[in-house]
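All remarks here apply to the structure that follows.
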Amino acid sequence: MLRTDWVRTQRTTTHMARAKRKPSMKRRFGSIRQRGQRFIVMYTGPDGGRHTPGKSFATEQQAELWLAQEETLVEHHRLGYTTWMPPKDRNKKNQEKQITVGEYLTAYNQRLADHGVIRASTFQQYTRVTENRITRADMVQGRAGQLRDVPMVEVTSQHIQDWWDAVVALFPDTAEYNRKAFKRLKAGFNDALERGIITATPVTLKAPARSAAPKYDKPLLEDAELFKVLGAVPARYRALTVLTLFHGLRVGEAIGLHTHNVVVAGDVPRAPYVVVQVRDQLQRLSVDGKVQLVRQPTKTQAGVRDVYVFPEFTQMMQEHLSLYADKAEGGLFTVTTGGKPVMDTSFRSVLIRAADKAGVPRRVHPHSGRRWITTRLAEMGATPAEIGSVLGDTDLSTITHIYTSVRQSRPQELMGMIGSTLDNGQGL
0 MLRTDWVRTQ RTTTHMARAK RKPSMKRRFG SIRQRGQRFI VMYTGPDGGR HTPGKSFATE
60 QQAELWLAQE ETLVEHHRLG YTTWMPPKDR NKKNQEKQIT VGEYLTAYNQ RLADHGVIRA
120 STFQQYTRVT ENRITRADMV QGRAGQLRDV PMVEVTSQHI QDWWDAVVAL FPDTAEYNRK
180 AFKRLKAGFN DALERGIITA TPVTLKAPAR SAAPKYDKPL LEDAELFKVL GAVPARYRAL
240 TVLTLFHGLR VGEAIGLHTH NVVVAGDVPR APYVVVQVRD QLQRLSVDGK VQLVRQPTKT
300 QAGVRDVYVF PEFTQMMQEH LSLYADKAEG GLFTVTTGGK PVMDTSFRSV LIRAADKAGV
360 PRRVHPHSGR RWITTRLAEM GATPAEIGSV LGDTDLSTIT HIYTSVRQSR PQELMGMIGS
420 TLDNGQGL
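If you use numbering that gives the first Met the number 0, the sequence shown corresponds to residues 0 to 427, in order.
Following this line, the structure appears as structure tokens:
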């Protein structure tokens, strides 16, 4: 075929295709236009905007039907029977009506993390609780597992009651964990209420009472006991022990210190002093199914602080910097013999073994130091706010009611101090 014949054939084919294509149909309401084998619909709404169904139709009859339904909605709006809503918004609302409890709670937790409302560690905790008591089909079975598949808009207070009764029966020994799941469920429905997905929350069940916390021995260790533990700790971990047991650093803050965060200042070498700059922390998180340490912000903004080390430990800190710290750029102040970060669980085990070796019978853990330093600072007359600046904590209730204790020898010391000032006026 000659090129001129080919061009003529193409033009003829195109002309025939155009001849078959129906023009846009003029109507009293809206318009229908054919594009290829599909039909496109559009109309002008009461708001003056152009609106489409968000999809095309396979047949003209389907397009006609949709347009007729929209015309009815617009007419009812004009007469004041109903309030018209754009098709796009209506479609979204219809989709929201189909979302199940399990889908919504999963998306809600993710949204909290994406918007920076919660930290990665909190997100993982929320996700575990939601999965283990609501959404995981292999774990939450029977009546307890039915709630996850119910559309949010269809849930009633009876659904919630049935779920809770079943969860308590299925997991009778985890009251506190069950209560946390209830809180996640309630928070999710409150969020759906705020977003207009539901008109009222079905979570009307009274919140389960917090179960009594396990009674752990939380002694206030004496100075001598702390020094015994310190002496029994391997040399590589003594600086960590000093920072947690004597200076109140949280374990994540201590193991997360970079070498450049430990500053030797003052008149070096004659009268140096050490300042520890707490700027963030290392936390244990699950990443791609594996537990690893991840750098996170401090627990609160108050956790960002400078802590001055007692002069008694200045030389030890200098020796640690020289012998055990990773001196590479960005290296950690304390690493394992293999050059890895120290896991918080490993350090807790180090303290337990050291206490056993030193013959200290009372429970020793990293938080023991926060109780000790709080009490000693209070004895020195420090205000709660001043104590908080050392601890990196602004919760005065925690400082005064949880961390502050009384040393066994303190009452005798106080009585002796008062006794030395007594004067009966007779010179006796």
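Note that CB positions come from ideal geometry on N, CA and C, so glycine has one too. Being a predicted model, the structure only gives us computed values, none of them experimental.
Does Tyr323 come out as helix, strand or coil in the three-state DSSP assignment? coil
Counted within 10 angstroms of its Cβ, other Cβ atoms place Arg147 as buried (16 or more) or exposed: buried
Starting from the N-terminal side, write out each stretch of the alpha helix (DSSP H) that is 4 residues or longer and does not extend beyond the segment 302-346. 313-322
For Lys298, the nearest candidate out of His259, Asp392 and Arg361 (CA to CA): Asp392
Give the DSSP bridge partners of His257, in chain order. Leu331
Using the Cβ count rule (16 or more neighbours within 10 Å means buried), how would you classify Arg20? Because the pLDDT of Arg20 is 49, which lies under 50, any placement of that residue in the model is unreliable, and the number read from its coordinates should be weighed accordingly. Arg20 comes out exposed.
Are there three or more Cβ pairs, one per stretch, closer than 8 Å when the segment 36-47 is compared with the segment 55-62? Yes, they touch.
Check the C-beta distance from Ala180 over to Tyr103 and give it rounded, since I have them as a contact under 8 Å. No, Ala180 and Tyr103 are not in contact; Cβ-Cβ is about 15 Å, not under 8 Å.
Using 8 Å as the cut-off, can you tell me whether the segment 299-311 makes contact with the segment 281-288, which would need three or more C-beta pairs spanning the two stretches below that distance? no
Looking only at its chain, what residues have a beta carbon closer than 6 Å to the beta carbon of Ala324, apart from the 5 residues adjacent to it on each side? Thr258 and Phe332
Apart from the five residues just before and just after Val250, which ones in its own chain have a Cβ nearer than 7 Å to its Cβ? So the list reads Thr243, Asp343, Phe346 and Pro365, once near-sequence residues are dropped.
In chain order, what are the residue ranges of uninterrupted alpha helix (DSSP H) at least 4 long that sit wholly in the segment 69-150? Here the runs fully enclosed are 86-97, 100-113 and 119-129.
Which word fits Met379, buried or exposed, when buried means at least 16 other C-beta atoms lie within 10 angstroms of its C-beta? exposed
Can you tell me whether Pro233 is buried or exposed, with buried defined as 16 or more other CB within 10 angstroms of its CB? exposed
Starting from the Cα of Gln33, find the closest Cα among Gln61, Lys182, Gly47 and Pro45 and give me that residue. Gln61
Neighbourhood of Asp279 by C-beta distance below 7 Å, restricted to the same chain and skipping five residues each side: Gly255, Arg294, Gln295, Pro296 and Thr297
Is His75 buried or exposed, if buried means 16 or more other CB atoms sit within 10 Å of its CB? exposed
In three-state DSSP terms, what is Ala57? coil
Suppose you measure from the CA of Gly337 to the CA of Leu350; what does that come to, to the nearest Å? 20 Å
Buried or exposed for Gln309, going by 16 or more other Cβ atoms inside 10 Å? Going by the sequence as given, residue 309 is Phe instead of Gln. That one is exposed.
To the nearest angstrom, report how far apart Gly115 and Thr203 are at their CA atoms. 29 Å
Residues bridged to Ser285 by DSSP? Val290
Alpha-carbon to alpha-carbon, Ile159 and Arg142: 11 Å
If you follow the beta strand (DSSP E) that Thr393 is in, where does it begin and where does it stop? Neither: Thr393 is in no beta strand (DSSP E) and is coded neither H nor E.
Cα-Cα separation between Val438 and Leu64, rounded to whole angstroms: Nothing in the structure corresponds to residue 438, since the chain is present only between 0 and 427.
Extent of the continuous alpha helix (DSSP H) run through Tyr176: Ala174 to Glu193
Spatial distance of Pro268 from Thr374 (CA atoms): 32 Å
For Val444, which residues from the same chain have a beta carbon less than 6 Å from its beta carbon, with the 5 sequence-adjacent residues on both sides left out? The requested residue 444 does not occur in the structure, where the chain is confined to residues 0 to 427.
Do you know offhand how far Val274's Cα is from Val263's? 7 Å
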